[in-house]
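First the structure, in the form of structure tokens, and then the observations on it.
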Amino acid sequence: MQEIDNRVLGKRTKTGMRRGMSTHEAIMFGVGGAVGSGILFAAAGGTAYAGPAVIVSWVLAAIFIVLVTLPFAEYAAMFPRSGISARVAYYSYGSYGGFMSGWGLLIWAATIPAIEAVAVSTYASLYFPFLYNSTTGVLTGYGILLSILLLLGFFALNMVGIARFGKFNKVLTWIKIGVVVAFIVILPMFIWHWGNFTSGFAGASGSGGFSGFMPSVGGLFIAIPASGILFAFGGYRQVADMAGEVKNPGKTMPKIIGTVLAVQSLLYIGMAFVIVGTVSWAGFGIQTGDWNFVAGLGSPLSSIIRANVVPGMTVGETDLLGGMVVAFFLFAIFSPGGTLGIYLTGASRIIFGYSEEDALPPALKRTTKHGAPYLALILALILAIIFLLPLPSWYALVDFVVVAAVANFAIASISLPVLRRLYPNVERPFKIPHPMVWSFVSFEVATFLIYWATFPTTLYALGAVLAGSVIFIYQANKKHFKGLNLRNSAWIPVYIVGMILLSYLGGTPTGGTNLIAYPFDYVVLGIYAAIFFVIGLNSAPKEPLTSAEALLEPTKEVDFEAEY
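In this text, residue positions in the sequence shown follow this note's numbering: the first is 880, and each later residue adds one.
Structure follows, in structure tokens:
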């Protein structure tokens, strides 16, 4: 096997994309993707399901995200190609399986720029109310226009190339981290309500309420996908998709992904802890334990601080909290803005990867002299606007895109032992320990995360993933309907249809008809996942579908420094 030289600082890869992003810039890229609208909305939104125990939900989410996504560190180091998270299943299950897996991820990546643009406009309505209709919960025409202008602005920034965008994003990410740390450290010094941690839900003495710290176990888990908590952990995957543009990716990608996962977990858990402890029921004028009110706040961070400005405070304390309201308002504007740019970049790289696998027209592989895939970026921009126009609401899209992405996680989980068997001699700078055990646990977790997103969200999102089969006809036609590996991949749509049915028949806590009541639905789901794990393993091809040499072609070092 040929040795691969990844040391291509400032060079274009054979695909035409530049490896111009340093390890530090890549880490900032991933953390910047994590510190976006999720930390603003989901940190409060999860309390509607779990109350003060939402902190536990964040801890569980951090564990789950490591289990289902750490294999991408091995994939990105093993095959350092742009859009790797959408391409893994191509190597393990062939054309149809790869397309279906990547299609779910493309839905995720193409929708998030719209979500982040909506978040900016929504927060801006705190001082510019004409942007947002608080009655309907959606943006006004002015808010939609502002969101589209934001998308266009970050599209232009992406066009100058990832190296330049990486430098811009690094500065913005440090600012975002600083503001979050300030919120976590400074606010408890002036505001703290220990009673919130045992406040339960409003109406604890009546139906539907509870007292103490923790509600039903089901609420802890449902909060993870249903309130945007899982959505908030998406930053790591953007780094994996940029593997083709990171310097020396074989050695640096595991470190980058691991660091991003650790940093975002600490920031989110800290933010959730502080939000629970700083809510002032008296300041809001609501009943103690009304977490549904907190979850429904349009500008959670600024509103919580404002509610703590009460008579009796010193002038210094009032001025400090007033200043923090403004500071976090600005943070709420710039934080999703940076994430918008990151996901617009990530979506274009997934489209680029699809094009390289002949799933989309080859023209989408064209790059500018700066290495930016400009036609893929244009398509990503158009898709973002398409998602934005009919659903200009943050919560309306988050659950939907999470389910689509987790479908990709499930397939990628089984790919771990499959790729170990198909490509045993390919160098793996980072290796997951006990791959069969890790793969099984990861697939089980991904299956439960889909289920916890609740029905009918599962119907809409998984239905959209299945709709990818129609788009797949383009690739099938190019291959003259040969070599599609349908036999290897047939289990995937069957698994997805089964998940829709189980979600519909499951317990009422997850939106089902209760034909399979809680907790028996969890037992059935666990067995279902185990069965399909075995089916997925046995359906994989016995021989590699693509030669290792083709996947690890040496980069073509062409110096384009003069163009800068």
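Cβ atoms here follow ideal geometry from the backbone N, Cα and C, with glycine treated the same way. Predicted, not measured: the structure shown is a model, and the values here were computed from it.
Check residue i in the structure and name its three-state DSSP category.
{"i": "valine 1204", "result": "helix"}
{"i": "serine 1004", "result": "coil"}
{"i": "leucine 1176", "result": "coil"}
{"i": "tyrosine 1374", "result": "helix"}
{"i": "leucine 1099", "result": "helix"}
{"i": "serine 1479", "result": "Look at the range of the chain in this structure, 880 to 1443, and you will see that residue 1479 is not part of it."}
{"i": "valine 1188", "result": "coil"}
{"i": "valine 914", "result": "coil"}
{"i": "tyrosine 1397", "result": "coil"}
{"i": "leucine 1295", "result": "helix"}
{"i": "arginine 1366", "result": "helix"}
{"i": "threonine 1197", "result": "helix"}
{"i": "proline 1252", "result": "coil"}
{"i": "valine 1305", "result": "coil"}
{"i": "arginine 1245", "result": "coil"}
{"i": "threonine 1387", "result": "helix"}
{"i": "tyrosine 1353", "result": "helix"}
{"i": "valine 967", "result": "helix"}
{"i": "lysine 1055", "result": "helix"}
{"i": "glycine 1087", "result": "Confidence is the limiting factor: at glycine 1087 the pLDDT is only 45, short of 50, which leaves the residue's position unreliable and the question unanswerable from this model."}
{"i": "serine 1181", "result": "helix"}
{"i": "isoleucine 1165", "result": "coil"}
{"i": "leucine 1024", "result": "helix"}
{"i": "threonine 1425", "result": "coil"}
{"i": "alanine 929", "result": "helix"}
{"i": "aspartate 1278", "result": "helix"}
{"i": "lysine 1134", "result": "helix"}
{"i": "leucine 1239", "result": "coil"}
{"i": "threonine 1333", "result": "coil"}
{"i": "proline 1271", "result": "coil"}
{"i": "histidine 903", "result": "helix"}
{"i": "proline 1420", "result": "coil"}
{"i": "valine 1403", "result": "helix"}
{"i": "threonine 1392", "result": "coil"}
{"i": "phenylalanine 958", "result": "coil"}
{"i": "valine 1320", "result": "helix"}
{"i": "methionine 1093", "result": "coil"}
Give the single residue among the options whose Cα lies nearest to the Cα of residue i.
{"i": "valine 1320", "options": "Glu1306, Ala1289 and Phe1334", "result": "Ala1289"}
{"i": "glutamine 1276", "options": "Glu1235, Ala1255, Trp987 and Gly1113", "result": "One detail in the question is off: residue 1276 reads as leucine in this sequence, not glutamine. The shortest C-alpha separation from leucine 1276 is found at Trp987."}
{"i": "serine 1181", "options": "Gly1113, Gly925 and Gly1162", "result": "Gly1162"}
{"i": "glycine 976", "options": "Gly1057, Ile1375, Gly1107 and Thr926", "result": "Ile1375"}
{"i": "serine 834", "options": "Leu1394, Ile1265, Phe1399 and Ile942", "result": "Any answer about residue 834 is impossible in this case: the structure gives the chain only from 880 up to 1443."}
{"i": "phenylalanine 1351", "options": "Pro1240, Thr1019 and Ser1227", "result": "Pro1240"}
{"i": "tyrosine 969", "options": "Ser1227, Gly1391 and Ser1294", "result": "Ser1294"}
{"i": "leucine 1268", "options": "Glu1306, Ile994 and Ser1318", "result": "Ile994"}
{"i": "histidine 1313", "options": "Asn1304, Ser1292 and Phe1327", "result": "Ser1292"}
{"i": "phenylalanine 1207", "options": "Tyr1002, Pro1104 and Ala929", "result": "Tyr1002"}
{"i": "leucine 985", "options": "Arg1228, Arg1245 and Val935", "result": "Arg1228"}
{"i": "leucine 1396", "options": "Leu1384, Ile1406, Gly1405 and Val1017", "result": "Correcting the residue identity first, residue 1396 is alanine in this sequence and not leucine. Measuring from the Cα of alanine 1396, the nearest candidate turns out to be Leu1384."}
{"i": "threonine 1246", "options": "Leu1260, Phe1231, Ala1238 and Pro1179", "result": "Phe1231"}
{"i": "methionine 957", "options": "Trp1331, Ala1174 and Pro1308", "result": "Pro1308"}
{"i": "valine 914", "options": "Leu1051, Val935 and Gly1016", "result": "Leu1051"}
{"i": "phenylalanine 1034", "options": "Leu1223, Ile1154 and Thr1326", "result": "Leu1223"}
{"i": "alanine 927", "options": "Val1173, Glu953 and Ile1063", "result": "Val1173"}
{"i": "methionine 1150", "options": "Phe1110, Ala1061 and Val1205", "result": "Ala1061"}
{"i": "leucine 1140", "options": "Val945, Tyr1407, Pro1423 and Pro1179", "result": "Val945"}
{"i": "leucine 1445", "options": "Thr1138, Lys1357, Leu1258 and Ile1108", "result": "No information on residue 1445 is available, as it lies outside the stretch 880 to 1443 that the chain covers here."}
{"i": "threonine 1326", "options": "Phe943, Ile1065, Ser1272 and Val910", "result": "Phe943"}
{"i": "phenylalanine 1256", "options": "Asn1012, Ile918 and Gly1032", "result": "It is worth fixing the name first, because residue 1256 is leucine in this sequence and not phenylalanine. Residue Gly1032 is the option with its Cα nearest to leucine 1256."}
{"i": "valine 1017", "options": "Leu1029, Ala996 and Leu1030", "result": "Ala996"}
{"i": "phenylalanine 1322", "options": "Arg1299, Ala1408 and Gly1022", "result": "Ala1408"}
{"i": "valine 1188", "options": "Ile1063, Ile1070 and Val1281", "result": "Ile1070"}
{"i": "isoleucine 934", "options": "Pro1423, Tyr1147, Leu1209 and Phe1279", "result": "Tyr1147"}
Pull up the DSSP beta-bridge partners for residue i, would you.
{"i": "valine 1017", "result": "Asn1012"}
Are there three or more Cβ pairs, one per stretch, closer than 8 Å when the stretch 941-956 is compared with the stretch 1133-1141? yes
I'd like to know if the stretch 1329-1347 and the stretch 1374-1388 are in contact, where contact means that at least 3 CB-CB pairs between them fall below 8 Å. yes
Is the stretch 1152-1170 in contact with the stretch 915-926, if contact means three or more CB pairs nearer than 8 Å? yes
Check whether the stretch 1091-1109 touches the stretch 1188-1197, taking contact to mean three or more Cβ pairs, one atom from each stretch, closer than 8 Å. no
Is the stretch 1362-1371 touching the stretch 1405-1420 in the sense that three or more CB pairs, one from each, lie closer than 8 Å? yes
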